[in-house]
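For the sequence shown, the working numbering assigns the number 11 to the initial residue and increments by one for each residue that follows.
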Amino acid sequence: MVTNLFPPGLNGLVIVVLVAVLVGTIGLSLNALSTVFTMDVYVKKYNPQATNKEIIRMGRIVDVVGGVFAVLMALAHVMVCLYLIFNGH
Numbered sequence: 011m012v013t014n015l016f017p018p019g020l021n022g023l024v025i026v027v028l029v030a031v032l033v034g035t036i037g038l039s040l041n042a043l044s045t046v047f048t049m050d051v052y053v054k055k056y057n058p059q060a061t062n063k064e065i066i067r068m069g070r071i072v073d074v075v076g077g078v079f080a081v082l083m084a085l086a087h088v089m090v091c092l093y094l095i096f097n098g099h
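Shown next as structure tokens:
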């Protein structure tokens, strides 16, 4: 639809803006996951005496785990779609 509505120069701009919004949304979601888990679960339930260094480390670990989980879920979705396409369903 974008290619029909805009001239060629604006097509690239629209795509770049959409990718930027997607990346920003993913970043904000991972940041929220990290903050909520670290402050509400790790600090309150598991390690109330955690130092700032330990809290930051746990936040980074949660970010990486959340990112890997998101990538794995996206790949699983792609694999299911490919399976359905190539098996005629």
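Beta carbons are placed, not taken as given, at the ideal position from N, Cα and C, and that holds for glycine.
If I'm right that residue i touches residue j with Cβ under 8 Å, what's the distance once you round it to whole angstroms?
i	j	result
Y52	A42	Their Cβ separation, rounded to whole angstroms, is 15 Å, which puts Y52 and A42 out of contact at 8 Å.
L32	D73	About 17 Å; that fails the 8 Å criterion.
Rounded to whole angstroms, what's the CA-CA distance from residue i to residue j? Just pull it up for me.
i	j	result
H86	T13	The question names His, but residue 86 is Ala in the sequence shown. Each residue's alpha carbon lies about 30 Å from the other.
V26	V75	27 Å
N97	C91	10 Å
G81	V88	Position check: residue 81 holds Val in this sequence, whereas Gly was assumed. If you take the alpha carbons of V81 and V88, they lie about 11 Å apart.
V24	F16	9 Å
Measure the CB-CB distance between residue i and residue j and report whether it falls below 7 Å.
i	j	result
S44	G77	no
I65	T48	yes
*For the region 43-97, list the alpha helix (DSSP H) runs that are entirely contained and at least 4 residues long, ordered along the chain.*
62-96
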